[in-house]
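J.: Chains as they are written, first to last, in this note's numbering: chain A, 2 to 343; chain B, 2 to 343.
All residues carry an ideal CB built from backbone N, CA and C; glycine is no exception.
The model shown is predicted, which means the values in this text are computed figures rather than measured ones.
There's a structure below that I have some questions on.
Protein chains: 2
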Amino acid sequence: MASTKASTIYDVAKVAGVSHQTVSRLLRGYAGIREETRARVLDAIKQLDYHPNITARNLRNGSTGMIALAIPDLRQPYFAELAQSVISAARDAGLTVFVETTDGNPERELAVLGGTQSQLVDGVLYIPKSIDADILTAQNIEFPIVLLGDRILDSQFDHVTLPNLEGARAAVQHLISLGRTQVAFIGAEPDTDFGAAALRLRGYRNALESAGIAYRHDLVIFDSEWERHSGASSMRALLDSGVPFDAVFCCNDALAIGALRTLLSAGLKVPGDVAIAGFDDTEDARFSFPSLTSVAPGRDELARAAVGLLQRRIEEGGARGAREEIVSGYSLAIRESTVGAA
Amino acid sequence: MASTKASTIYDVAKVAGVSHQTVSRLLRGYAGIREETRARVLDAIKQLDYHPNITARNLRNGSTGMIALAIPDLRQPYFAELAQSVISAARDAGLTVFVETTDGNPERELAVLGGTQSQLVDGVLYIPKSIDADILTAQNIEFPIVLLGDRILDSQFDHVTLPNLEGARAAVQHLISLGRTQVAFIGAEPDTDFGAAALRLRGYRNALESAGIAYRHDLVIFDSEWERHSGASSMRALLDSGVPFDAVFCCNDALAIGALRTLLSAGLKVPGDVAIAGFDDTEDARFSFPSLTSVAPGRDELARAAVGLLQRRIEEGGARGAREEIVSGYSLAIRESTVGAA
DNA sequence: CTGAAAGCGCTTACAG
DNA sequence: CTGAAAGCGCTTACAG
């Protein structure tokens, strides 16, 4: 902080009666310093309450020990929890993070890549939302970047993602195992073959196929917002369509929470009339009533992997190895919304 | 970023055929530069894709344009939403923020104040949880700091806080206006006369008094965690106590969501048997079923005020004026948990 | 084992 | 209106 005139390496050196480089060496952990000298310097440091000026060190070293986390919106529990995991993982790795919210706005998502903060940072952990791989590729990014999250398209970048297909399939298989045969799907996206929505839809279809249940378009609801309010409307639309269904898989918990609210508002019983499952295992899934069955994608593991990969890329400097793709494990948290209260 | 050799002000100067200071001046927005020179420099900047090195600028200027936000835990919606508001407000103010999560852990809360990142930052927005004013005062903090949030104790620091008493009173008055006479209170804290819990409890008592209802200890549940899981247990405890009640005010929405779940699990009707209100107006309050009546404390206003105050302190440099206290406005969002479905 | 020198990229008085 | 100089606080070869 600039408020009070902080003491420098020179002040310490003067007090200790050594040159400033000796102080620097001690700070950097060099072995070869005479015990008696070391003690004098440490004394001076304590006496002056000296703290190294990180900015100066950064300027010299060309690195800052900081990474940026570009994330759409902390108001959404999934992102908030993911951010928390990233921040913890980064701290454990000796990095500090710098949260940039983009609102999933394409311009802001792009701005992060060129913004003034990208100067300050050794690398970027990037959770894209509305931007796609082509645009990203066209950016010709010249610093370490790792893509993170569920919306990762097939891309030439390092990325860490979820078992989208497998998780969705497991959830839908669970619904089917309960004897449900008319399973709706909320959260499909038009016009994409990649990305979380497409993969989860494929998982859904896989599960139906293995059970010998025909896929039906009228049970698939498009919703690319994946938020609580849109989940509520999507469920409203499904109910209004008059198509009968006895279960629903939602692409994330936010959708499921919204859909659940609409179902209960409409006087339906969950899971009696309709069983419902989500994806993400956010904390609100555990405290809704009924509590929500959800695919738990191992958020901490994901965050740690992403931070670790980014750190590796930073250390490698310019020399990029082959791009890497990491997929986390998952489990299915089975709760009241599919199996009822205990 | 350090990955590729970035061009400097000198490179630009050489290409443009001027001295590097001229480039610097143009960058800093000085008026006195000949039109023709300016064009040449801008050309060179574009041609070289020059971006100023923020670290160097910071070293020179002694400030970084960054602030730290020390916050307990993004997994809790209240904090996540507050963080989002702070980040937005900071961006509007030209500052970037740096999120430090403390887990409400006293050591980590203290560490933020001395940590290496406090070097990097022009000031700190501090959301304390377990730390109290005495400890903070003892720290002899020598940089701009603004306390933010609901747990602010009476202190010698600048702080921005919520209308704790008034908000709680309004919520309880609302419950009473519905004809409820046995209003429970969840979230009291033992041994404090200050802080959000004490103030909200006072608001509760005020509302009872104005209505001529006697205050009863057996309707007040202690809970200093203020999380969903603790709200669930607290409500469990209240039910088990056998004390009859027809309404409950919870100190925050997390408690209320947990309590609501317990009520519904127990087969009680909300608001038929028990009306329930919370505080914070987090987004999950709007999507529970029934949706939750809650005190809305004007989060954006709060965040903007806090960022503004901090920025002012930073600009004032060392010269601290009188400490300032800002209290946000509030409104009461009335929803199904007190008045039933529409 | 420790000192003298140069430089990271920028900005700010000082001249002209 | 634009250039030469010094310095922000640190680290890294280079000598000795």
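(1) Which term fits D93 of chain B, buried or exposed, when burial requires 16 or more other beta carbons within 10 angstroms of its beta carbon?
(2) DSSP puts A278 of chain A in a beta bridge; with which residues?
(3) Please name the residue, chosen from A:R217, A:Y216, A:A233, that lies closest to D224 of chain A on a Cα-to-Cα basis.
(4) How big is the Cα-Cα spacing for D219 of chain A and V244 of chain A?
(5) Tell me which residue opens and which closes the alpha helix (DSSP H) that F288 of chain B is part of.
(6) Relative to the C-alpha of T263 of chain A, which residue among B:N165, B:E316, B:E226, B:F290 is closest?
(7) Tell me, please, whether the CB atom of A3 of chain B is closer than 7 Å to any CB atom in chain A?
(8) Go ahead and label G259 of chain B buried or exposed: buried means 16 or more other beta carbons lie within 10 angstroms of its beta carbon, across all protein chains shown.
(9) Please name the residue, chosen from B:H160, B:F144, B:P145, B:S295, that lies closest to S151 of chain B on a Cα-to-Cα basis.
(10) Output, in chain order, the set of chain A residues within a Cβ distance shorter than 8 Å of D254 of chain B.
(11) Whole angstroms is fine: what's the gap from Y51 of chain A's alpha carbon to G63 of chain B's?
(12) If you drop the 5 nearest sequence neighbours on each side, which residues of the same chain put their C-beta closer than 8 Å to that of G273 of chain A?
(13) Give me, in chain order, the residues of the same chain whose beta-carbon lies closer than 6 Å to that of R58 of chain A; leave out the 5 immediate sequence neighbours on both sides.
(14) Thinking just about the alpha-carbon of each residue, which of A:A255, A:M236, A:D301, A:N253 is nearest to the one in S247 of chain A?
(15) So, using beta-carbon positions, are D104 of chain B and D133 of chain B closer together than 7 Å?
(16) Does any CB atom of chain A fall closer than 7 Å to the CB of A84 of chain B?
(17) If we count Cβ pairs, one from each stretch, closer than 8 Å, do we get three or more for the stretch 119-128 of chain B versus the stretch 136-149 of chain B?
(18) Could you check how far apart the C-beta atoms of Y216 of chain A and R206 of chain A are, in whole angstroms? I think they sit under 8 Å.
(19) So the beta strand (DSSP E) A69 of chain B belongs to, where does it begin and stop?
(20) Answer yes if the stretch 293-306 of chain B comes into contact with the stretch 185-200 of chain B, meaning at least three C-beta pairs across the two stretches below 8 Å, and no otherwise.
(21) Give the single residue among A:S332, A:N106, A:V328 whose Cα lies nearest to the Cα of A172 of chain A.
(22) By Cβ distance below 6 Å, which residues in the same chain neighbour S131 of chain B in space, the five residues on each side in sequence not counted?
(23) Are the C-beta of V100 of chain A and some C-beta of chain B separated by less than 7 Å?
(24) Fully enclosed by the stretch 122-205 of chain B, which beta strand (DSSP E) runs are 3 residues long or longer?
(25) Please name the residue, chosen from A:Q77, A:F99, A:M67, A:T38, that lies closest to D282 of chain A on a Cα-to-Cα basis.
(26) Under 9 Å Cβ-Cβ, which residues of chain A neighbour P78 of chain B?
(27) Any chance you could list the alpha helix (DSSP H) runs of at least 4 consecutive residues sitting entirely within the stretch 35-114 of chain B, in chain order?
(28) Using a Cβ cut-off of 7 Å (strictly closer), state whether I142 of chain A contacts chain B.
(29) Measuring CB to CB, does T182 of chain B end up less than 7 Å from I214 of chain B?
(30) Any C-beta of chain B sitting closer than 7 Å to the C-beta of A262 of chain A?
(31) Three or more C-beta pairs closer than 8 Å, one from the stretch 78-97 of chain B and one from the stretch 78-87 of chain A: is that the case here?
(32) Identify whether S332 of chain B lies in helix, strand or coil by the three-state DSSP scheme.
(33) Per DSSP, V221 of chain B is paired with what?
(34) Express the C-alpha separation of T65 of chain A and M2 of chain B in angstroms, rounding to a whole number.
(35) Determine the direct distance from the alpha carbon of L49 of chain A to that of R61 of chain B, and round the result to whole angstroms.
(36) Which two residues bound the contiguous alpha helix (DSSP H) that contains Y11 of chain B?
T.: Based on what the coordinates show:
(1) exposed
(2) A:F250, A:T294
(3) A:A233
(4) 7 Å
(5) 284-288
(6) B:F290
(7) Reliability fails at A3 of chain B, whose pLDDT of 39 lies under 50, so the model's placement of it is uncertain and no value is given.
(8) buried
(9) Here residue 151 of chain B turns out to be Asp, not Ser, going by the sequence shown. Comparing Cα positions, the closest option is B:H160.
(10) Within chain A, no residue comes near D254 of chain B; the closest Cβ sits about 11 Å away, beyond 8 Å.
(11) 16 Å
(12) G341
(13) none
(14) The residue asked about is misnamed: residue 247 of chain A is Asp in this sequence, not Ser. Cα-wise, what sits closest to D247 of chain A is A:M236.
(15) no
(16) yes
(17) yes
(18) 5 Å
(19) 67-72
(20) no
(21) A:S332
(22) G105, P107
(23) yes
(24) 124-127, 146-149, 159-162, 184-189
(25) A:Q77
(26) R76, P78, A81, E284, D285
(27) 36-49, 55-62, 78-93
(28) no
(29) yes
(30) For clarity, residue 262 of chain A is Arg in the given sequence; the question names Ala instead. So yes, R262 of chain A belongs to the interface.
(31) yes
(32) strand
(33) B:F186
(34) For M2 of chain B, the pLDDT reaches just 41, beneath the cut-off of 50, and the residue's location in the model is therefore unreliable, leaving the point undetermined.
(35) 22 Å
(36) 10-17
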